Amino acid sequence: MFEVRLALGIEYDGTEWSGWQSQPSRNTVQDHLEDALEKFSLEKVKVICAGRTDAGVHAKEQVVHFDTDLNRERHSWLRGINSFLPASINVKWVRSVPSDFHARFSAKSRKYSYSILNQKVRSSLNRSFTTWIAVPLDHNRISDAAKLLLGVHDFSAFRSSECQAKSAVRKIININVEKVNSIIRIEIEANAFLHHMVRNIVGCFFEIGRGEKSVAWIREVIDSRDRSICAKTFPPEGLCLEKIDYGDLLNAN
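Reading the sequence shown from the start, the letters are residues 1312 to 1564 in my numbering.
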């Protein structure tokens, strides 16, 4: 039979899930997605994702690919898969892609955001999508420090002890810090990320924003290549996978 490769754009609230990657508990986004695909297509499906997210981390547009013999219109795939998914996981789009398309290796860049609720009183409504910090933070100092991360660096100091990447060298393409009302939002785009890299960067921004460390300290952390010099890892709930950039690979379909 004729086999096709499909790509899906996935949105999820990671609050109740044990991360992306399949686990024996079956309480992961990947497990629920593959179960939904199997129920709809009546065939066993394994998906490949652009980047794994930890427990509690959200995604506005995770991308996966898989191969199938099933011939269905894209709108049929979309409605069918979503009918078997829990409310906190949603397929946003379905596209046919070339046979050599790879959700992970074809990606040119990834963008994450981290949202901090910076006010004296916590919020019940924002608790799943922001990290609450009562101590006043200077977002201008954070923005100045962020600029020092642009470009190619060895981010060994910002990787977790569980990180399996062979190289810690990454290129930060763009980084933006803005404050709207009580929310400090940090957006970071890079060619790739290390495990806990964004959450450790935000941990350093916290120390700089509250005045405990200088703006230039972020360079000292980079140059040290020593995880013990870096700040503590920030919580997962403020982190969201925003976008995977594939250039023109997904635009034509």
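We put the CB at the ideal spot given by N, CA and C, even for glycine. Small disclaimer: the values here were computed from a predicted structure and weren't measured.
Nearest-angstrom Cα separation, counted from residue j out to residue i
i	j	result
Val1368	Asn1338	14 Å
Ala1563	Glu1384	Confidence is the limiting factor: at Ala1563 the pLDDT is only 45, short of 50, which leaves the residue's position unreliable and the question unanswerable from this model.
Ala1503	Glu1523	29 Å
Asp1380	Leu1317	11 Å
Arg1481	Asp1324	27 Å
Leu1436	Leu1428	11 Å
Lys1458	Asn1487	8 Å
Arg1510	Ala1370	15 Å
Ala1347	Tyr1425	29 Å
Ser1535	Glu1553	29 Å
Pro1397	Arg1390	13 Å
Ile1453	Lys1490	11 Å
Gly1462	Ser1387	43 Å
Trp1443	Glu1314	48 Å
Trp1328	Gln1373	15 Å
Residue i (DSSP reduced to helix, strand or coil)
i	result
Asn1492	coil
Phe1395	coil
Glu1500	strand
Arg1481	strand
Ala1325	Per the sequence shown, the amino acid found at residue 1325 is Gly instead of Ala. Three-state result, Gly1325: helix.
Val1446	coil
Cys1474	coil
Ala1563	Annotation note: pLDDT 45 at Ala1563 (below 50); position unreliable, no value reported.
Cys1541	coil
Asp1455	helix
Ile1556	As written in the sequence, residue 1556 is Asp, which differs from the Ile given in the question. DSSP places Asp1556 in strand when its eight states are reduced to three.
Asn1511	helix
Val1432	coil
Val1356	coil
Per DSSP, cross-strand counterpart(s) of residue i
i	result
Cys1551	His1369 and Ser1424
Gly1320	Val1374 and Trp1404
His1464	Arg1481
Ile1486	Ile1499
Contacts around residue i, its chain only, beta-carbon distance under 7 Å, and the 5 residues preceding and following it disregarded
i	result
Trp1331	Thr1339, Val1340, Gln1341, Cys1360, Arg1363 and Thr1364
Contact belief for residue i with residue j at Cβ below 8 Å, rounded distance in angstroms
i	j	result
Ala1456	Phe1516	6 Å
Phe1440	Glu1345	With a Cβ gap of about 25 Å, Phe1440 and Glu1345 do not count as contacting.
Ser1420	Glu1322	With 8 Å as the limit, Ser1420 and Glu1322 do not qualify as a contact, their Cβ atoms being about 19 Å apart.
Contact set for residue i: own chain, Cβ-Cβ below 6 Å, skip 5 residues either direction
i	result
His1507	Ser1471 and Thr1544
Leu1319	Val1375, Val1402 and Val1405
Ala1445	Lys1431
Lys1357	none
Glu1498	Ser1424 and Asn1487
Residues of its chain near residue i, where Cβ-Cβ distance is below 8 Å and the 5 sequence neighbours each way are ignored
i	result
Arg1415	Ile1359, Cys1360, Ala1361 and Gly1362
Any chain D beta carbon closer than 8 Å to residue i
i	result
Arg1390	Absent from the structure: chain D. Only one protein chain is present.
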